[in-house]
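> Heads up: the protein sequence lines correspond to chains A and B, in order.
All residue numbers for the first sequence refer to our numbering, where the first residue is 20 and numbers rise by one.
All residue numbers for the second sequence refer to our numbering, where the first residue is 84 and numbers rise by one.
Quick one: the structure is below, and I'll ask about it shortly.
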Amino acid sequence: VNGQDDLADQSVLNLADAAVSPETGRQRSALVGSTFDALFQRFYSELFGLVYRVLGDRMETEDTLQEAFLRLSDDAGIQARPEAEVGAWLRRVAINLAFNRLRSAKRARARLDRVGRLERSDEEPSDNEMLGPSGLVIRQEERAAVRLALAEVPERQRDCLLLRHSGYSYAEIAMTLGMAIGSVGVLLARAEHAFRTAYRRQTQA
Amino acid sequence: MNNPTSACPDIGVWRAWLDHEHETLQLEQHLAECPDCRRVVDELREDAALVRGAFAMISPAQTTVPSGADIAVARERLDWERRHSLATPSVVRSREPIPMFLTRISIPWRIAASGLAAALVLSVLVSVTPEGRARAAGFLAQFRSQQVTAVELTPQTQAEIMRTVTALGNLGTINTPSGLTARPAAAARGGAEQTPPPTLAEANQAVGFTLATPDPATLPAGLDKTPRVQVMPASQERFTFDKAKASAYFKSTGHPEVTLPDAFDGATLVVSMPSAALLQYSSSSSGAKEALVLGEAGELVVDVEGKVSLEEMRDFLLGLPGFPPTVVSQLRQITRWNETLPIPIPVQVNWQTETFRGNQGLLLNDNSGVGSAAIWHESGRMYGLAGSLKATQLQRIADGLAVR
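Next up, the structure:
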């Protein structure tokens, strides 16, 4: 990629360029090939589901996925691997980024507050969830309790729990966590038990 | 009491069995015979059910799951960020000590910039007159940038604007007339590695006016007095509204109630972007962080062709689903909309109006004080100045600008 071109792109005066249309943007951005595009299309939604469960915030989830795919775009070696391996790699990266974000202590509190606000406006209650405003607040606290409990579970167990309850198979979990399929069950069993304990503490606190 | 005929499997096996990931007849037989394992399985089942219930609460709602359009926007955004991340190592650390300020400002700036098309449309569309009157009211039929004003954007509104702008693309077709972008000396853009950067004289010729340069005495010590020059050619983008395409799009996004008014069908927005030159003053000594970038460009001109009336276009665009109300209200407050270029500024960047060489412009500072930038119009030209400098230094350099 032409360094000068990028430099020009950064210039404050590059206002002319500022009026680019989305389609032009697409033309100008043929930086990564069709393989990458295919991977992006293939994995974006499922990773969104995974990360959203951790963060509970659409914007934060989008930011996290940007970071994960940015890393993928920088790594031609990973992109060249079979799709299943790329998926495993992306899940690992996305989960780590998501929990790092959650952990970032100072932001966590503000974030949880915001999650409260966002989700209330963001998510329409489903049919069996027409609880009225107070009901929604309660759900909000419940969601926070789930996420806090999840964050308390030891890392590997936590990842396993998240993957399983986001719908991944044992084979996919094994590939993501780099372990034997035969060991997924015991890790999951421990994870669920640890979660239950942490969750009970959260909801009783 | 039965004695199981086989050794008890571990909890991992049972957990997998519950998920139908490990099914054998022996396991079921064993379970039938072994009360201990039945207890284990019951407990595993309870744990799993509780976790399932808890996770059901944090799963994304149907309305939160990204749509195809959301994914497309995310893909666009990735390209912007990727270009930025590619530029950072090569530009900041090695060849060009471009101030941190610039690179830091550039992500939100670029993202915001992508929304400028929409902002422009909004401020510009107001100038549209029906075709018949276009000539008579020529000065009103087009937008011509003469001054700048700030429009503050939060990261969230940036994202919303991006979504809206991407959606705009679905209401018609965009094309860049070929031939309008080619300029001889502008080859700097494509072939920088092969051809040397243009000289100032070449740049003057390419942009079609004589570039002003700073008074060398005002440049910070350590900066080369000779700039590296880049030229960006003029270009034109045409956006033509297409009623059929728009209807199909609105229907597909669950907004069948929104339609493109008939008058819009075939109406074309023509954005003519001026050629511009970029002068970079950097330090030849490695490790020095100072740098200064001066940009100069002609006027940005936007015309509308077709029979769209002012109010129609304005109402329609302001009513586009997803356009952030805070931005709309800021744009509405621009009184001289047909000559005022809205400059999107991320909220984390400080800005104030400031006079540069007798012209009102904007002075931008990031909170860290690492750098500042100025932007103003003067005699039909747009000037931008940015550097790892204090605002007062920037002001001095601006004051010293002259055609030499």
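All residues carry an ideal CB built from backbone N, CA and C; glycine is no exception.
Among the candidates B:A99, B:P281, B:A346 and B:G381, whose CA atom is the shortest distance from the CA of P359 (chain B)?
For clarity, residue 359 (chain B) is Ala in the given sequence; the question names Pro instead. Of the listed residues, the one whose Cα sits closest to A359 (chain B) is B:G381.
> Given a cut-off of 7 Å on the beta-carbon distance, is the pair D208 (chain A) and R98 (chain B) in contact?
One point to set straight first is that residue 208 (chain A) is Ala, not Asp, in the sequence displayed. Cβ distance < 7 Å, so A208 (chain A) and R98 (chain B) count as in contact.
> Going by DSSP in three states, F59 (chain A) sits in which element: helix, strand or coil?
In this structure, F59 (chain A) counts as helix in the three-state DSSP scheme.
> Locate the alpha helix (DSSP H) running through H338 (chain B), then write down its first and last residues.
Segment: none, H338 (chain B) is in no alpha helix (DSSP H) and carries neither H nor E.
> Using the beta-carbon of each residue, which ones in chain B are nearer than 8 Å to A3 (chain A)?
Missing from the structure shown is residue 3 (chain A); chain A here goes from 20 to 224 and no further.
> State the beta-bridge partners of H460 (chain B) as determined by DSSP.
In DSSP, H460 (chain B) forms a bridge with B:M465.
> Is it buried or exposed for D56 (chain A), if we count other Cβ within 10 angstroms and need 16 for buried?
Result: exposed.
> Would E555 (chain B) count as contacting chain A if we go by Cβ distances under 7 Å?
This structure gives no information on residue 555 (chain B), because the portion of chain B shown stretches from 84 to 487.
> Could you tell me the boundaries of the alpha helix (DSSP H) in which E102 (chain A) lies?
Note, E102 (chain A): alpha helix (DSSP H), E102 to R122.
> I want to see whether chain B comes within less than 7 Å of Q85 (chain A), judged by CB atoms only; does it?
Closer than 7 Å: yes.
> For a cutoff of 7 Å on Cβ pairs, would you count I141 (chain B) as touching chain A?
For I141 (chain B), the answer is yes, since a Cβ of chain A falls inside 7 Å of its Cβ.
> Report yes if the CB atom of V134 (chain B) is closer than 7 Å to the CB atom of E211 (chain A), and no otherwise.
Yes. Within cutoff.
> Residues of chain B with CB closer than 8 Å to the CB of L58 (chain A), please, in chain order.
Going along chain B, no residue has its Cβ under 8 Å from L58 (chain A), so there is no contact; the nearest lies around 11 Å.
> Taking C-alpha atoms, which residue in A:R215, A:R220, A:R219 and A:Q223 lies nearest to R128 (chain B)?
Answer by Cα proximity: A:R215.
> Just to confirm the assignment, what range does the alpha helix (DSSP H) spanning S150 (chain B) have?
Here S150 (chain B) belongs to no alpha helix (DSSP H), and DSSP marks it neither H nor E.
> Name, please, each residue of chain A whose Cβ falls closer than 7 Å to the Cβ of R158 (chain B).
Result: F59.
> In whole angstroms, what separates the C-alpha of Q478 (chain B) from that of T436 (chain B)?
Each residue's alpha carbon lies about 13 Å from the other.
> Check whether the segment 69–78 of chain A and the segment 174–190 of chain A touch, using three or more Cβ-Cβ pairs below 8 Å as the test.
Yes, they touch.
> Within this structure, are the beta carbons of R487 (chain B) and T296 (chain B) separated by less than 7 Å?
Yes, these two residues count as a Cβ contact at 7 Å.
> Taking Cβ to Cβ, would you say L362 (chain B) is nearer than 7 Å to V290 (chain B)?
No, the pair does not count as a contact, with Cβ atoms beyond the cut-off.
> With H, G and I counted as helix, E and B as strand and the rest as coil, what does DSSP make of D76 (chain A)?
Coil.
> Assign N119 (chain A) to one of two classes, buried (16 or more other C-beta atoms within 10 Å of its C-beta) or exposed (fewer than that).
Classification for N119 (chain A): exposed.
> At the 7 Å Cβ level, is P316 (chain B) part of the contact set with chain D, yes or no?
Looking at the structure shown, chain D is missing, and the protein chains on hand are A and B.
> Going by DSSP, what residues sit across from G444 (chain B) in a beta bridge?
Answer is B:E437 and B:W459, bridged to G444 (chain B).
> Distance, Cα to Cα, G444 (chain B) vs I458 (chain B)?
C-alpha separation (whole angstroms): 6 Å.
> Could you give the residue range of the alpha helix (DSSP H) that holds G378 (chain B)?
Careful: G378 (chain B) lies outside any alpha helix (DSSP H), inside the beta strand (DSSP E) at A374 to A380.
> Give the single residue among A:V165, A:E174 and A:P101 whose Cα lies nearest to the Cα of L58 (chain A).
Residue A:P101 is the option with its Cα nearest to L58 (chain A).
> Please list, in chain order, all residues of the same chain as E388 (chain B) whose beta carbon is under 6 Å from its beta carbon, the five residues on each side excluded.
Cβ neighbours of E388 (chain B) beyond the five flanking positions: T351.
> Take the Cβ of G44 (chain A) as the centre, count every other Cβ of all protein chains shown within 10 Å, and call the residue buried at 16 or more, exposed below.
Low per-residue confidence applies at G44 (chain A): pLDDT is 33, beneath 50, and the placement is therefore not dependable enough to give any value.
> Name the chain A residues that come within less than 7 Å of R135 (chain B), Cβ to Cβ?
Residues of chain A passing the Cβ test: H184.
> So, under 8 Å CB-CB, V234 (chain B) and L414 (chain B) are touching, yes? Tell me the CB distance rounded to an integer number of Å.
About 7 Å separates the two Cβ atoms, so the contact holds.
> Can you pull the DSSP bridge partners for E320 (chain B)?
DSSP, once it has assigned bridges, lists B:V354 as partnering E320 (chain B).
> Could you have a look at D93 (chain B) and say whether DSSP puts it in helix, strand or coil?
The answer is coil: DSSP assigns D93 (chain B) none of H, G, I, E or B.
> Exposed or buried, S92 (chain A), counting other C-beta atoms within 10 Å across all chains shown (16 or more means buried)?
The residue in question, S92 (chain A), is buried, as its Cβ has 16 or more Cβ neighbours within 10 Å.
> What residue range is occupied by the uninterrupted alpha helix (DSSP H) comprising R311 (chain B)?
Unbroken run through R311 (chain B) is the beta strand (DSSP E), R311 to M315; no alpha helix (DSSP H).
> So W100 (chain B) packs on L110 (chain B), CB below 8 Å; how close in whole Å?
At roughly 5 Å, the Cβ-Cβ gap stays under 8 Å, so W100 (chain B) and L110 (chain B) are in contact.
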